[in-house]
Amino acid sequence: MSAVIEAVGLRKVFGDQVAVAALDLRIERGEVFGLLGPNGAGKTTTIRMLTTLLAPTAGVARVCGFDVATHPSEVRRRIGYVMQTVAYRGLLSGRECVEIEASLYHLPRRDVRRRAHEVLDAVGLLPHADRRWTTYSGGMKKRLDLACGLLHAPEVLVLDEPSLGLDVQSRHKVWEYVRDRQAGGATILLATNYLDEADRLCNRVAIIDHGGVVVSGSPAELKRSVSADVMQVATGDPERLRQVITPEPWVKEIVGGDSGDLHVYVEDASVALPAVMRLALAQDIKLERVTYSQPSLDDVFLLHTGRELREVEVAS
Amino acid sequence: MKADQALPQEQAPASGAVQARGQARSQWAQEVLALARRWWIELLRERLNLLFSLLQPAIWLVFFGAGVERAMDAEVIGTADYMGFMLAGIITFTIVGNGVSGAMPLLWDKETGYLDRLMSMPIARSSVIVSRFVFQVAQQSAQILLVVLVAYALGVRIATGPLGLLVILVAAALLTMSVTAAFSALAYAVPQHGTFFAIAGFVSLPLLFMSNAFVPLHAMPAWMQVVARVNPLTYAIEAMRTLVLDGWALRVASSLAVLTLAAALCLAAGTQQFRKQTGERVQRR
């Protein structure tokens, strides 16, 4: 298989702040690849380098075989970039925005109208095409940006947190869009903070933190690597409980969540559950709640970064 | 799905450098026109903005001309036709004002992030500034024609006639190129819009006072004359004023030459600044 996006030792430094440390990525043709990480992890900086908006401090990145630093025009011709923030389009109508951008992609004049019609249709905005952009809802504005990303039928779509701040309905439309594009043969790089979104859409994901890839693989692989099951134990005395159960053979790993809960990774929760309760009872440790679940990407994230994604988001 | 179908490959592979250059040029023209269309639509939808910007120079001429005329010494300004004298100054004043307000959309694009979207497209870096320039020249030519019409009603006759008016528009366009490029560069260089307005406000009036807009050069103190001589505004005013009051003269040609030089310098500096601010250091196109 051929890599459509490839980064080796990619690095970006702003002053004395290292935004991206030494990032390696390899994204194959036709994949939906998720870039996960808390705010400030280096996702957007990585994307800005891959879309030729920032020159890398060191390292190499190639998109469709073209080096982003030496052949930015070739790269720009092949990518559709949908920014995290909705693009401000002033007093124009949806159709005017799309037609103007079609001309900026050098579509022949006779094709501009037809193509604008097609991409507006693809995101379901055709009925609202002649309304002014200022009257659009947040979800519609986002879909307009998504439509503009399709104008030149790019081989690669780069979507930076496309469903951020959208309502459930609009999120579903974004997911539909991603699936349709993949079915059409596009390669998609999707940065997101929503692990459920990554789980649904992505063939492979990379979790990045502190400017580097912490772990990557398919969502199923990553979850399997965590463990078979995860128990969440809420107790008034997590430290003592940790000491008590750590030597037990069925414990694979214990991570303290930010909320004070213990996340105990075990082979089989149906065996471990009574064992935890028995031990706690014998040592007189009060348990408030014990639940267990199949591991989610949240657990993967916690295991590899030591933080829960949601907590990090709130804190930053 | 229809939207995923590959586009028909409309451009045959370039067989030679000439053909490639021709294609790059037509693409560049397409970019500039598309961006200018955006500015044009916005202007038409902002009716009040359109109305006031069109009328402003004419109103300035009437109020300023009528008020200050009596305080002026015809000996000092060299003519009894103060309105005619002021016409070039008012036009230049308008160009500077347009330069400041014309950079605003670029400032918004930068702050709202749309500039990033533009920069992720395969467009030439110069086309954004050039589209602003094309748009401003069109808008401003309308303003100038209107103010000339008002001046005509007040008794001002352009000594060189309609052809002279055409040359006045050319001089105005050349100065516009300098001013637009300079303020665009400033818009891209500043960290945020407050800084832009502070600097633009600080610069605009001295730029006018340090020229022959209101007072002829020979009436200025020596040090001020020196400053005025390196101010491109002076040359635009000199060319326009000569065309209005005196007639055809070699001065007009030399002033236009200086304006051309200044425009080229400002455009080069503006594009360079734009490239720097948009992180583009690698590719010419």
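Each protein sequence line maps, in turn, to chains B and L. Residue numbers for the first sequence follow the numbering used here, beginning at 1 and rising by one. Residue numbers for the second sequence follow the numbering used here, beginning at 1001 and rising by one. Backbone N, C-alpha and C define an ideal beta-carbon position, used for all residues, glycine too.
Beta carbon of residue i, beta carbon of residue j: below 8 Å?
i, j, result
"B:L91", "B:R132", "yes"
"B:A21", "B:G212", "yes"
"B:L25", "B:I5", "yes"
"B:D319", "B:D229", "Nothing can be reported for residue 319 of chain B, as the shown portion of chain B is limited to 1 through 316."
"B:A198", "B:E161", "no"
"B:A186", "B:E155", "yes"
"L:W1028", "L:F1135", "no"
"B:V264", "B:M277", "no"
"B:V233", "B:S216", "no"
"B:D57", "B:K12", "Correcting the residue type first, residue 57 of chain B is Thr in the shown sequence and not Asp. Cβ atoms of B:T57 and B:K12: closer than 8 Å."
"B:L166", "B:V174", "yes"
"L:A1189", "L:Q1056", "no"
"L:A1269", "L:A1200", "no"
"B:A116", "B:R143", "no"
"B:A61", "B:D209", "no"
"L:L1043", "L:Q1139", "yes"
"B:L302", "B:G236", "no"
"L:V1076", "L:A1219", "yes"
Using CA atoms only, rank isn't needed, just tell me which of the options is closest to residue i.
i, options, result
"L:S1204", "L:L1217, L:H1218, L:Y1235 and L:V1179", "L:V1179"
"B:E99", "B:R89, B:R113 and B:G138", "B:R113"
"B:P274", "B:I254, B:G257 and B:I245", "B:I245"
"L:I1041", "B:R89, B:C64, B:L36 and B:S293", "B:R89"
"L:P1206", "L:F1197, L:N1231 and L:A1263", "L:N1231"
"L:P1112", "B:G94, B:Y81, B:A122 and B:T85", "For the sequence presented, residue 1112 of chain L should be read as Thr rather than Pro. Here the closest residue by C-alpha is B:T85."
"B:E28", "B:L36, B:Q169 and B:L157", "B:L157"
"B:A282", "B:Y292, B:G256 and B:R240", "B:R240"
"B:V300", "B:K141, B:P219 and B:E118", "B:P219"
"B:V324", "B:L189, B:P72, B:Q169 and B:M231", "It is not possible to answer for residue 324 of chain B, since the shown part of chain B is limited to 1 through 316."
"L:A1142", "L:L1054, L:R1157, L:M1177 and L:L1265", "L:L1054"
"B:S73", "L:L1146, L:Q1225, L:A1172 and L:A1024", "L:A1024"
"B:G80", "B:G256, B:A19 and B:A147", "B:A147"
"L:I1129", "L:Y1152, L:P1105 and L:A1151", "L:P1105"
"B:L279", "B:E248, B:V68 and B:E288", "B:E248"
If you draw a straight line from the C-alpha of residue i to the C-alpha of residue j, how long is it?
i, j, result
"L:L1048", "L:I1144", "18 Å"
"L:H1193", "L:S1184", "12 Å"
"B:Q17", "B:S2", "34 Å"
"L:L1154", "L:L1169", "20 Å"
"L:L1107", "L:F1133", "15 Å"
"B:L107", "B:V63", "22 Å"
"B:V8", "L:R1125", "28 Å"
"B:L164", "L:V1227", "54 Å"
"B:C97", "L:V1252", "43 Å"
"L:A1006", "B:R110", "Interpretation of L:A1006 is limited by its pLDDT of 46, a score under 50 that renders its predicted location unreliable; the figure taken from the coordinates is listed afterwards. L:A1006 and B:R110: Cα-Cα distance of roughly 16 Å."
"L:Q1009", "L:L1035", "Here L:Q1009 scores only 42 on pLDDT, less than 50, and its place in the model is too uncertain to base an answer on."
"L:M1210", "L:Q1272", "27 Å"
"B:S316", "B:Q243", "Confidence at B:S316 is low in this model, with a pLDDT of 39, below 50, so its placement is unreliable and no value can be given for it."
"L:M1121", "L:R1275", "14 Å"
"B:S296", "B:K252", "16 Å"
"B:G15", "B:T45", "14 Å"
"L:G1078", "L:R1070", "14 Å"
"B:L125", "B:R181", "17 Å"
"L:P1013", "L:A1020", "Residue placement at L:P1013 is flagged as unreliable, the pLDDT there being 46, under the threshold of 50; the coordinate-derived value follows with that caveat. Distance between the alpha carbons of L:P1013 and L:A1020 is about 9 Å."
"L:T1094", "L:R1229", "20 Å"
"L:S1254", "B:E101", "42 Å"
"L:L1265", "L:P1191", "24 Å"
"L:Q1030", "B:K43", "34 Å"
"L:M1001", "B:L150", "Confidence is the limiting factor: at L:M1001 the pLDDT is only 43, short of 50, which leaves the residue's position unreliable and the question unanswerable from this model."
"B:L10", "B:G59", "4 Å"
"B:Q169", "B:L201", "16 Å"
"L:V1215", "L:G1099", "22 Å"
Output, in chain order, the set of chain A residues within a Cβ distance shorter than 9 Å of residue i.
i, result
"B:S2", "Of the protein chains in the structure, B and L, none is chain A."
What first and last residue would you give for the beta strand (DSSP E) that runs through residue i?
i, result
"B:H263", "L262 to V266"
"B:L384", "No information on residue 384 of chain B is available, as it lies outside the stretch 1 to 316 that chain B covers here."
"B:G6", "One point to set straight first is that residue 6 of chain B is Glu, not Gly, in the sequence displayed. Run containing B:E6: A3 to F14, per the beta strand (DSSP E) assignment."
"B:L190", "T187 to T192"
From which residue to which residue does the alpha helix (DSSP H) around residue i run?
i, result
"L:T1180", "G1161 to A1189"
"L:Y1114", "Y1114 to M1119"
"B:G59", "It is not in any alpha helix (DSSP H) - B:G59 instead sits in the beta strand (DSSP E) that spans A58 to V63."
"B:T134", "Unbroken run through B:T134: none, as it is neither H nor E."
"L:V1252", "L1250 to Q1277"
"B:K43", "K43 to L50"
"L:Q1140", "S1126 to A1153"
Pair every Cβ in the segment 1157-1170 of chain L with every Cβ in the segment 1053-1065 of chain L, then say whether three or more of these pairs are closer than 8 Å.
-> no
Taking one C-beta from the segment 124-131 of chain B and one from the segment 42-62 of chain B each time, how about it: are there three or more such pairs within less than 8 Å?
-> no
Cβ contact (3+ pairs, closer than 8 Å) linking the segment 1252-1266 of chain L and the segment 1224-1239 of chain L | yes
Report yes or no: do three or more beta-carbon pairs, one from the segment 1084-1096 of chain L and one from the segment 1114-1125 of chain L, lie closer than 8 Å?
-> no
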